[in-house]
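Counting in the UniProt record's numbering, the sequence shown runs without a single skipped number right up to 134 at its last residue.
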Amino acid sequence: MFGEDAIAQQLAEARSQLDVVRQTQQNHQVPPVTAEAADGRIKITLGANGRVERFEFTEVRVLKEGTEYLEEELCNLVNAALDARAESLSADTAAPDLEAIGEAVAKLQDQGLAQMRAMSTQISAVMKKLQGGS
1 MFGEDAIAQQ
11 LAEARSQLDV
21 VRQTQQNHQV
31 PPVTAEAADG
41 RIKITLGANG
51 RVERFEFTEV
61 RVLKEGTEYL
71 EEELCNLVNA
81 ALDARAESLS
91 ADTAAPDLEA
101 IGEAVAKLQD
111 QGLAQMRAMS
121 TQISAVMKKL
131 QGGS
């Protein structure tokens with residue numbers, strides 16, 4: 001009567017697209033990244049969320065190298081870890097078309113509102129007839 005099959009089909013398609021987005025995000029979890037500097041004497045690990053998970057001085061004597069040396073090596077270390085993470089994020093997987101999904105949902109919403117207006121108009125007409133109106 002109001003195109004329930006068409007709405008059900010469109011909702012199924014929108015759900016399917018959202019499932020693809022969810023699955024893509026789950027499949028594309030970035031593994032932790034570890035980088036080294038100062039000849040392996042300093043290590044950093046970035047977790048799957050991109051935040052620093054572990055910072056380690058594997059050889060304490062590196063602290064005696066002086067602040068300038070440490071500052072430079074720490075910058076190199078963090079940048080190397082961030083570069084490695086960025087490299088793993090830019091894999092070959094295509095990004096889901098969120099704009100298309102949004103448009104599909106907006107279209108469904110618009111159609112749903114139009115159908116609700118049509119139903120309301122028909123219900124009002126039936127109520128008028130039941131109440132003895134013309």
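Here a beta-carbon is modelled for each residue, glycine too, at the ideal position from N, C-alpha and C.
Bridge partner(s) assigned by DSSP for residue i
i: K107; result: Its beta-bridge partners do not exist; DSSP assigns none.
i: L46; result: V33 and V52
Other residues of its chain near residue i: CB distance less than 8 Å, five sequence neighbours each side excluded
i: L130; result: none
For residue i, the nearest candidate out of the options (CA to CA)
i: Q17; options: V30, A100 and A84; result: A100
i: F57; options: Q111, E73, M127 and E4; result: E73
i: S10; options: D97, G112, V30 and R41; result: One point to set straight first is that residue 10 is Gln, not Ser, in the sequence displayed. That would be G112, whose Cα lies nearest to the Cα of Q10.
i: Y69; options: L98, G50, I42 and S90; result: I42
i: D39; options: R85, S120, E65 and T121; result: E65
i: V78; options: V21, Q23, F55 and V20; result: F55
Close-in-space but distant-in-sequence residues of the same chain around residue i (CB under 6 Å, 5 per side omitted)
i: N76; result: A37
i: G47; result: P32 and E53
i: M127; result: none
i: S88; result: V30
7 Å Cβ shell around residue i - same chain, five flanking residues per side excluded
i: M1; result: For M1, the predicted structure reports a pLDDT of 44, less than 50, and the residue's modelled location is therefore unreliable. A value from the coordinates is still provided. Around M1: no qualifying Cβ.
i: V105; result: A14
i: R85; result: V30, V33, L46 and G50
Boundaries of the alpha helix (DSSP H) in which residue i is found, first to last residue
i: D83; result: T67 to L89
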